[in-house]
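Novice: Protein chains in written order, with the working numbering: chain A, 1 to 274; chain B, 1001 to 1393.
Idealized CB from N, CA, C, for every residue including glycine.
Once you've had a glance at the structure underneath, I'll fire off some questions.
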Amino acid sequence: MWEYTDKVKEHFLNPKNVGEVEDASGVAEVGSMACGDALKLTFKTDEDGKISDAKFKTFGCASAIASASSLTEMLKGKTIDEAEKITNQDIADSLGGLPKEKMHCSVLGRQALEQAIAHYKGEPKKEEEGEIVCECFGVTDREIEKAVRENNLTTVEEVTNYTKAGGGCENCHDTIREIISRVGDEEKPVTRPKLSNIQKIKMIEETIEKEVRPSLKQDGGDIELVDVIGNRVLVVMRGSCAVCKASQQTLENFVEAKLREMVWPELVVEEVTQ
Amino acid sequence: MKTIYLDNNATTQVASEVLEEMLPYFHDLYGNPSSAHSFGGQVGRRLREAREKVAQLLGAAPEEIVFTSCGSESDNAVIRSALETQPDKRHIVTSRVEHPAIKSLCEHLTNQGYRVSEIPVDGEGQLDMDRYVESLTPDTAIASLMWGNNETGVIFPVEKTAELAHEREIPFHSDAVQVAGKIPIDMKNNVIDMLSLSGHKLHAPKGVGILYLRKGVKFSPFIIGGHQEMGRRGGTENTASIIGLGKACELAAEHLEEENTRVRQLRDKLESKMAERVPNIRINGGRSERLPNTASISFEFVEGEAILLHMDEFGICASSGSACTSGSLQPSHVLRAMGVPFTMAHGSIRFSLSVYNTEEEIDFVIDKLPPIIETLRSLSPYWETGKQAAAGV
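So, in structure tokens, the structure goes:
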């Protein structure tokens, strides 16, 4: 059974804004019966250009219904510019998160929103763009690229969770891998201010102190920062970590992941002996 | 909230008589049946009795019964044994609607260079017999077909398919996990070589299974270890569970008639009342011979997981062949093999009853389910146009 948040359950059992807005200025229909979920989104704006009403109809599971219900709530009162900025992650966050296998439900919401806004602006339908990669679910390379880029996806499994692509016959897995590496090679806009070395070391020390050490100590282990050379973080494992066979995994999956998340994405943690 | 459990093809409640029988063997009578002392020996005697009871339910001889850990282990053991004992044969015949224990194993073996023929079924879930016969070749190491389908309850004519395999000197196995205790099995009156069964589908605990091996069938053990089970399955016996399984088989024999009368009537009532009260539904495999306890009902234009979660609010437990329920993205392979359209397959719900269900429970479901479907259809973008199309408007 899926672990749904109370928010998901609330929106699922008592969905808000079910139906179709009369005289809608933005209309979208995404998904299909074959794929197992589909969403019809309609909205209209008032004189100030703000969304005054939004409604949905969904064929799909609990999280698809909840995502659509929550999206319509989020839309009300927003200008088109504001609405355009809503991401699939925002939809998931509004529900207190979704199981990872269900992220595609939030992506469906985002797709509907995009299409409805395009319709509102009188732009042509975007859905034909790109080439179909996943034949089973009719997902194009553009859609996969977008999901990979916006959600920093790195594996085929994640792409399947977000877009459904690759969830059927699996014939397209190689193509999906190519797309992931292609997007990964793109130059990422650097939004993060560059850290000075002193700042970096300070942040690493702080993260180890607050985020890493307490967890290791629970298992009787400890960690000591020895040096930082460029992006290499040299550490010594102490206590039970020093003799633990799984310490390499702890380093990679926990310490390095934490430091990359909190400090700098390119950090590499290395264990040194003293 | 009272639980209304209609998911007995997933697992069953351990019967209280079974539990009572088992309890002493966890704490007081914990001896190892292989021990030389009488403390262990007395447990050995109870295992023998259990084996006799299992044999009796199947119309088999006690020495044809091997205890395993589950139905999947039994399935794995027979398929691998057939390949190992006939190393020159590289082909397996099975069906498109098998349980994952057979289906995934065969996919795995395909990657190792074996050939697998999956026999298709028709819209009612019945086996394509012509294709089956054509698929049996001199290279075929084993034919394995399930007796009763876990999702639809559709029964395959395994006695007949076993004979057809035998005419070509091919060993025949059947995954009978869903049929034990639901329809009569008499191994004296058929030529099936091997059967897999599972304890927890017939009110014994999880973690114990049965492998029936007809006398004279070549067998190479899957788990190699001690001399237990006459050298056919190593590992200290799961004594309490096996003793419980013996009792469960005894009860199953007693309940067989009720299963085919009262339980069948309850199932039929559920199906006919649903058909009466809810438009655009389909009883999957409804025109085939089926297990008496299983109903697979598809509700058009709604999604199964959503139905399940609404039913959950009333304490009603069932399961779904929809994609969203399982975490896979495609609806059940069984319904797809039957060509059930997507509009129906995603909205399929399986109700599986047991002798412990009451008419009040079924009436409760008949009362609660139609409004749930109506609510979900009012949310569905396909319902208005779909129902008109279906009505030919």
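#1: Find the nearest neighbour of A1010 of chain B within the set B:A1318, B:S1378, B:V1365, judged by alpha-carbon distance.
#2: Suppose the cutoff is 6 Å on Cβ atoms and the five residues either side in sequence are ignored; what does the same chain contact list for L1309 of chain B look like?
#3: Just tell me which of A:E186, A:P265, A:D37, A:Q249 has its CA closest to the CA of P1331 of chain B.
#4: Check D1088 of chain B in the structure and name its three-state DSSP category.
#5: I'd like to know whether the C-beta atoms of V1154 of chain B and S1288 of chain B end up nearer to each other than 8 Å.
#6: If you scan the stretch 1099 to 1154 of chain B from start to end, which runs of the beta strand (DSSP E) of 3 or more residues do you find wholly inside it?
#7: Quick check on the DSSP output: the alpha helix (DSSP H) that includes F1067 of chain B runs from which residue to which?
#8: Going by the beta-carbon positions, is the gap between V212 of chain A and V263 of chain A smaller than 8 Å?
#9: Indicate the three-state DSSP secondary structure (helix, strand or coil) for A38 of chain A in the structure shown.
#10: CB E180 of chain A to CB L153 of chain A, shorter than 8 Å?
#11: By alpha-carbon positions, which one of B:V1018, B:N1149, B:K1218 ends up nearest to A1337 of chain B?
#12: Can you give the Cα-Cα distance for R1080 of chain B and F1222 of chain B, rounded to whole angstroms?
#13: Nearest chain A C-beta to T1012 of chain B closer than 8 Å, yes or no?
#14: Under a three-way DSSP split, which group does F1172 of chain B fall into?
#15: When you check each C-beta in the stretch 19 to 34 of chain A against every C-beta of chain B, which residues fall closer than 8 Å?
#16: At what residues does the beta strand (DSSP E) containing D222 of chain A begin and finish?
#17: Could you check what DSSP says for R238 of chain A in three-state terms: helix, strand or coil?
#18: Taking its Cβ as the centre, do 16 or more other Cβ atoms sit within 10 Å of N161 of chain A, making it buried, or is it exposed?
#19: Would E1378 of chain B pass as an interface residue toward chain A - the criterion being a Cβ-Cβ separation below 8 Å?
#20: Per DSSP, what kind of secondary structure is Y4 of chain A in: helix, strand or coil?
#21: Answer yes or no: do F978 of chain B and I1192 of chain B have a C-beta to C-beta separation smaller than 8 Å?
#22: Using only the alpha-carbon positions, how far apart do A62 of chain A and D1268 of chain B sit?
#23: What do you reckon, are the CB atoms on E73 of chain A and N14 of chain A nearer than 8 Å?
#24: How is the beta strand (DSSP E) around L1195 of chain B delimited, first residue to last?
#25: Using a Cβ-Cβ cut-off of less than 9 Å, list which residues of the stretch 35 to 57 of chain A approach chain B; keep chain order.
#26: Mind checking which residues open and close the alpha helix (DSSP H) that includes V148 of chain A?
#27: Distance, Cα to Cα, K100 of chain A vs V226 of chain A?
#28: Applying a beta-carbon distance threshold of less than 7 Å, which residues of chain B neighbour L71 of chain A?
#29: According to DSSP, simplified to helix, strand and coil, what is Y1382 of chain B?
#30: Beta-carbon separation of L108 of chain A and A83 of chain A under 8 Å?
#31: Work out the CA separation of S1348 of chain B and G19 of chain A for me, nearest whole Å.
#32: Is E1303 of chain B helix, strand or coil by DSSP?
#33: Based on the DSSP secondary-structure assignment, which residues constitute the bridge partners of A28 of chain A?
#34: Give the DSSP bridge partners of S1320 of chain B, in chain order.
#35: Is I65 of chain A close to chain B, meaning its C-beta is less than 8 Å from at least one C-beta of that chain?
#36: Less than 8 Å separating the beta-carbons of A1141 of chain B and A1077 of chain B?
Specialist: The structure says:
#1: Working through the second sequence from its first residue, we reach residue 1010 of chain B at position 10. Among B:A1318, B:S1378, B:V1365, the Cα nearest to that of A1010 of chain B belongs to B:A1318.
#2: The residue you call residue 1309 of chain B lines up with position 309 of the second sequence. Cβ neighbours of L1309 of chain B beyond the five flanking positions: none.
#3: Residue 1331 of chain B sits at position 331 when you count from the first residue of the second sequence. Closest in alpha carbon position to P1331 of chain B, among A:E186, A:P265, A:D37, A:Q249, is A:D37.
#4: The residue you call residue 1088 of chain B lines up with position 88 of the second sequence. In the three-state reduction of the DSSP assignment, D1088 of chain B falls in the coil class.
#5: Counted from its first residue, the second sequence places residue 1154 of chain B at position 154. Counted from its first residue, the second sequence places residue 1288 of chain B at position 288. Yes, the Cβ-Cβ distance between V1154 of chain B and S1288 of chain B is below 8 Å.
#6: Positions of the beta strand (DSSP E) runs, each at least 3 residues long and wholly inside the stretch 1099 to 1154 of chain B, are given as 1115 to 1119, 1140 to 1144 in order along the chain.
#7: Here residue 1067 of chain B refers to the residue found at position 67 of the second sequence. It is not in any alpha helix (DSSP H) - F1067 of chain B instead sits in the beta strand (DSSP E) that spans 1065 to 1068.
#8: For the purposes of this step, residue 212 of chain A is identified with residue 212 of the first sequence, where counting begins at 1. For the purposes of this step, residue 263 of chain A is identified with residue 263 of the first sequence, where counting begins at 1. Between V212 of chain A and V263 of chain A, the CB-CB gap reaches or exceeds 8 Å.
#9: Indexing the first sequence from 1 puts residue 38 of chain A at position 38. When secondary structure is reduced to three states using DSSP, A38 of chain A falls in the strand class.
#10: For the purposes of this step, residue 180 of chain A is taken as the residue at position 180 of the first sequence. For the purposes of this step, residue 153 of chain A is taken as the residue at position 153 of the first sequence. A small fix is needed here, since residue 180 of chain A is Ile in this sequence, not Glu. By the CB criterion at 8 Å, I180 of chain A and L153 of chain A fall inside the cutoff.
#11: Sequence index remark: in the second sequence, residue 1337 of chain B carries index 337 (1-based). Taking A1337 of chain B as reference, the option from B:V1018, B:N1149, B:K1218 with the minimal CA-CA separation is B:N1149.
#12: The residue given as residue 1080 of chain B occupies position 80 in the second sequence. The residue given as residue 1222 of chain B occupies position 222 in the second sequence. Their Cα atoms are separated by approximately 7 Å.
#13: Here residue 1012 of chain B refers to the residue found at position 12 when the second sequence is read from its first residue. Not flagged as an interface residue toward chain A: T1012 of chain B, since no C-beta distance is shorter than 8 Å.
#14: Indexing the second sequence from 1 puts residue 1172 of chain B at position 172. Here F1172 of chain B sits in strand by DSSP.
#15: Interface annotation for the stretch 19 to 34 of chain A against chain B: E29, M33, A34, criterion Cβ-Cβ distance under 8 Å.
#16: Within the first sequence, the letter at position 222 stands for residue 222 of chain A. For D222 of chain A, the uninterrupted beta strand (DSSP E) run begins and ends at 221 to 229, by DSSP.
#17: By 1-based counting over the first sequence, the position of residue 238 of chain A is 238. If DSSP states are grouped into helix, strand and coil, R238 of chain A belongs with the strands.
#18: For the purposes of this step, residue 161 of chain A is identified with residue 161 of the first sequence, where counting begins at 1. Classification of N161 of chain A: buried, given that the 10 Å Cβ count is 16 or more.
#19: Stepping through the second sequence from its first residue, residue 1378 of chain B is reached at position 378. Note that residue 1378 of chain B is Ser in the sequence shown here, rather than Glu. Closer than 8 Å to some Cβ of chain A, the Cβ of S1378 of chain B qualifies, so yes.
#20: For the purposes of this step, residue 4 of chain A is taken as the residue at position 4 of the first sequence. Assigned with DSSP and collapsed to three states, Y4 of chain A falls in coil, not helix or strand.
#21: The structure shown does not extend to residue 978 of chain B, since chain B is modelled only from 1001 to 1393, so the question has no answer here.
#22: As a first step, residue 62 of chain A is located in the first sequence; it is residue number 62 there, counting from the start. As a first step, residue 1268 of chain B is located in the second sequence; it is residue number 268 there, counting from the start. The alpha-carbon atoms of A62 of chain A and D1268 of chain B are separated by roughly 29 Å.
#23: Taking the first sequence and counting its residues from 1, the one referred to as residue 73 of chain A is at position 73. Taking the first sequence and counting its residues from 1, the one referred to as residue 14 of chain A is at position 14. E73 of chain A is not a Cβ neighbour of N14 of chain A, given a cutoff of 8 Å.
#24: Here the question's residue 1195 of chain B lines up with position 195 in the second sequence. Run containing L1195 of chain B: 1194 to 1198, per the beta strand (DSSP E) assignment.
#25: Residues passing the 9 Å Cβ filter: C35, G36, D37, A38, L39, K40, F56, K57.
#26: Here residue 148 of chain A refers to the residue found at position 148 of the first sequence. V148 of chain A -> alpha helix (DSSP H) spans 141 to 151.
#27: Mapped onto the first sequence, residue 100 of chain A falls at position 100. Mapped onto the first sequence, residue 226 of chain A falls at position 226. Rounded to whole angstroms, K100 of chain A and V226 of chain A show a C-alpha spacing of 37 Å.
#28: Stepping through the first sequence from its first residue, residue 71 of chain A is reached at position 71. By Cβ distance, chain B contributes nothing, its closest Cβ being about 14 Å from L71 of chain A, past 7 Å.
#29: Within the second sequence, the letter at position 382 stands for residue 1382 of chain B. Three-state result, Y1382 of chain B: coil.
#30: Looking up residue 108 of chain A in the first sequence gives position 108. Looking up residue 83 of chain A in the first sequence gives position 83. No, the pair does not count as a contact, with Cβ atoms beyond the cut-off.
#31: Within the first sequence, numbered from 1, the residue matching residue 19 of chain A stands at position 19. Within the second sequence, numbered from 1, the residue matching residue 1348 of chain B stands at position 348. Each residue's alpha carbon lies about 24 Å from the other.
#32: As a first step, residue 1303 of chain B is located in the second sequence; it is residue number 303 there, counting from the start. Coil.
#33: Residue 28 of chain A sits at position 28 when you count from the first residue of the first sequence. In DSSP, A28 of chain A forms a bridge with A:L41.
#34: As a position in the second sequence, residue 1320 of chain B is number 320, starting the count at 1. Its beta-bridge partners are B:I1349.
#35: The sequence position of residue 65 of chain A within the first sequence is 65, counting from 1. At a cut-off of 8 Å, the C-beta of I65 of chain A has a neighbouring C-beta in chain B.
#36: As a first step, residue 1141 of chain B must be located in the second sequence, where it is residue number 141. As a first step, residue 1077 of chain B must be located in the second sequence, where it is residue number 77. Their beta carbons are not under 8 Å apart, which means A1141 of chain B does not touch A1077 of chain B by this criterion.
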